[in-house]
Amino acid sequence: MRWLIRIFMIVLAAAVLGIAAVFFLPGERIASIAADQLSRMTGREVTMSGETTISFYPVLGVSTGAVTVANADWAGEAPMFKAKSLKIGVEPQALFGGDIRITGLEAVGPQINLHRATDGRVNWELNIEGVAPSGQGEGGSASARSNRLSLTLDRALIQNASLVYVDEVEGTTVRQSGVDFDLRWPDYEGAADFDLTLRPGGEVVEISGTLERVGHFIDGGVSDVQARISTKAGTASFAGRAGSAPEVAGRLSADLESTSDFMALIGQGPMDIPDGLGRAAALETDLTFKDDRLSLRNTALGLDGNRFTGAADVNLGEDKPRLNVQLNAGALDLTGLSADDTGSENSSGNSGGVASDGWSKAPINASGLAAVNGEFALVADSINLGDFKLGKVRTLATLDRSRLVFGLREVRAYDGLITGQFVMNNRSGLSVGGDMIATGINLKTFLDDAMDISRFEAKADGEVDFLGVGESVHAIMNSLSGGGAFKTGRGVISGFDLDRLMRSGSGTGGTTVFDTLYATFTMDEGNLFNDDLTLKLPQASAAGEGRVGMGARDIDYLFTPRLLDGGSRDGLAIPVKIRGPWANPKIAPDLEAAIDLNFEEEKKELERQARDEIEREVEKQLGIERQEGQSLEDAAKDALEDELERGLLKLFD
């Protein structure tokens, strides 16, 4: 808005000077005088070339030749404003009364070049008398108010203009062509209505609005304002008060059918937004902006099917924006987060997020962690993450220099409670980690979601600390390290009957009921290792050791259950192998290990008997007679030496 006002002040000032001289000087002289006066007023070189003509009927006015306004000396050689010609209409009665009432103003083929430097300077700041500089309020100089331009403008029209905006702060350049602008300002102290049409990429963006007290606004005051942006992707509107300080207060509304397309049309670039986080969005909020601080109150936010209420504060005066956000929500559906991972993987020929052949290898873009700092509080009735289902959630997230820490104050999940913290750190490559404590977790539903295992039914308590490094879920899961422990009460293992397995050798089908289960574990390079699992059953006990591949999504584990015979711990033991992918592990008894455990003495006796029988047969066939205490090998050696000695003696007989 400010740059539009300043550019039009230049044009209007040109009209004043031109009209004031129309009755006294020829057109070329009028143009020269007007250009000199404008140059002194603005501090920029203004040129008017070509023929300047005067019309008296049906409208009193002036038509100039080409007009240029030089750029700031630091902003390049291209003029800030250039037009093929200006056409100005004036009301004679107002002219004789001392005020200038412009009935029509048209710029033909205008070219506008706007520039913002890295230090914040802008090339549209002009020292036009009667126009308060940006940021100057009503406390500005008295001369600016007393000598302000006495102008009104029934209608100003710009059609098919070109606009270039270079922003060195953001490192962006915006180019627009086919820009139309229509301004109606019949009363200097009254309201001005405007309609602006942009055509980025050939698409139409319409911006319309009303500034209620233009003169007061130009003097640095605050005025009521209404504005609306309309595109094929959605609309946004504002109704409230605004000043050139800048300061804004009012109600902001938005209804976006496609957030990504809308942001692209207003020059913010397309956005890859997961389903559930605002592919379509609706917003209602009370907005206040002053002194580089933005606040949102009484906010209602809709992101696809998810609804939030809350408030936010943003401090824009620091190196990075600092946010303080508080949101409340009902049931949140964030299944799109995992669905998008699967879709992107499948489209590139790789496996999806939790498919049986591996974790997602899609790159994780965590660059957004560097955009802002701040704190984010969320309270939700439930969250569906696709792979995991959570109940009530109370969390406080703190983001500082690309390190995001989720403080899990209360996470109800799988009939239990989870507390602790989860960390994402992208300061020097992405890593995730945390430490958590869980109580009362339903193992059946949790393991089914987490590992596609549905054989265990029990309530579990546990604790874990972990760290994973990598740019994808696959890399993170294959680099996991850490450790933890868990224990359960009474539960059931489905898929095999341990008692029947141990008593009859067939354990296929059925269930195994256990009283307690306890284990500790360590993690390294994506593998979980355990060597102290203890399982207690009504008529048996079991120990376990092995590996669970968190990255490879497989298991190689050995259970060793042992029957309790009359309270003795020396009963029959039959180890059980669990081996294969999580989705379909093979469970079978390890008979070789069972023989080693249960028949070790019998096996040694059988081996001794077999060895004695073989030795007797060798003695018989070779005619070897062993002395007491002599081994078969020594007896055979002695017999061979005797035979060789006799053979050699015969050679010399």
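So in this note's numbering, spot 298 of the sequence shown is number 278, and the numbers just go up one at a time.
No residue lacks a Cβ here, since even glycine has one placed at the ideal position from N, Cα and C.
As the structure is a computational prediction, the values presented were derived from the model and not from experiment.
Per DSSP, the beta-bridge partners of K270 are E227, R273.
Distance from the CA atom of V403 to the CA atom of P555, rounded to whole angstroms, is 40 Å. Here G45 is near G30, since their CB atoms are less than 8 Å apart. The DSSP-derived three-state label of F242 is helix.
Contact annotation: L447 and F436 have beta-carbon atoms that are not nearer than 8 Å. Shortest Cα-Cα distance from S157 to any of W165, R164, I92 involves I92. For N286 against A309, the beta-carbon gap comes to about 7 Å, under 8 Å, which counts as contact. In the structure shown, K64 adopts coil according to DSSP, grouped into three states. Only residues of its own chain outside the window of five on either side were considered, and among them G506, G531 have a CB closer than 6 Å to the CB of N458, listed in chain order.
Pairing L317 with G366 gives a Cβ-Cβ distance under 8 Å. The beta-bridge partner set that DSSP reports for S217 consists of R208, S233. Cβ-Cβ distances below 7 Å link E237 to A213, G214, A260 in the same chain, with the five nearest sequence neighbours on each side left out; the list follows chain order. With a 10 Å radius around the Cβ and a threshold of 16 neighbouring Cβ atoms, V149 comes out exposed.
Around the C-beta of D504, fewer than 16 other C-beta atoms lie within 10 Å, and the residue is accordingly described as exposed. Taken through DSSP and simplified to helix, strand or coil, F368 comes out as coil.
In the DSSP assignment, L296 falls outside any alpha helix (DSSP H), carrying neither H nor E.
Setting aside the 5 residues that flank it on each side, V294 is surrounded in the same chain by L274, P301, L303, each with a C-beta closer than 6 Å to its C-beta; the list follows chain order.
Rounded to the nearest whole angstrom, the CA to CA distance from V202 to D175 is 21 Å. The continuous beta strand (DSSP E) containing G464 extends over residues 461 to 468. Using a Cβ-Cβ distance cut-off of 8 Å, the segment 58 to 73 and the segment 82 to 96 are in contact, since at least three pairs of beta carbons, one from each stretch, lie closer than that value. Counting only runs of 3+ residues, the beta strand (DSSP E) found wholly inside the segment 145 to 190 occupies 152 to 165, 172 to 178, in chain order. Here the alpha carbon of E86 sits roughly 47 Å from the alpha carbon of D255.
Between G469 and G442, the C-beta gap is not smaller than 8 Å, which leaves the two residues out of contact. Short of 7 Å from the beta carbon of L191, and not among the five residues preceding or following it, lie these beta carbons of its own chain, in chain order: A171, A172, F197, S203, V205. Not a single unbroken stretch of the alpha helix (DSSP H) spanning 4 or more residues falls wholly within the segment 486 to 532. Judged by DSSP in its simplified three-state form, S142 adopts strand. Taking every protein chain shown into account, the CB of W562 has 16 or more other CB atoms within 10 angstroms, so this residue is buried. Look at M416 here: in three-state DSSP terms it is strand.
Residue pairing of Y537 in beta bridges, as defined by DSSP: G526, I558.
Shown here, I92 sits in a strand according to DSSP, grouped into three states. By the C-beta density criterion, P541 is buried, having at least 16 other C-beta atoms within 10 angstroms. Going by DSSP, L423 is part of the alpha helix (DSSP H) stretching over 423 to 431. Here DSSP, grouped into helix, strand and coil, assigns M404 to strand.
When beta bridges are read from the DSSP output, V472 appears opposite E437, V493. Judged by DSSP secondary structure, A393 falls within the beta strand (DSSP E) whose first and last residues are 383 to 393.
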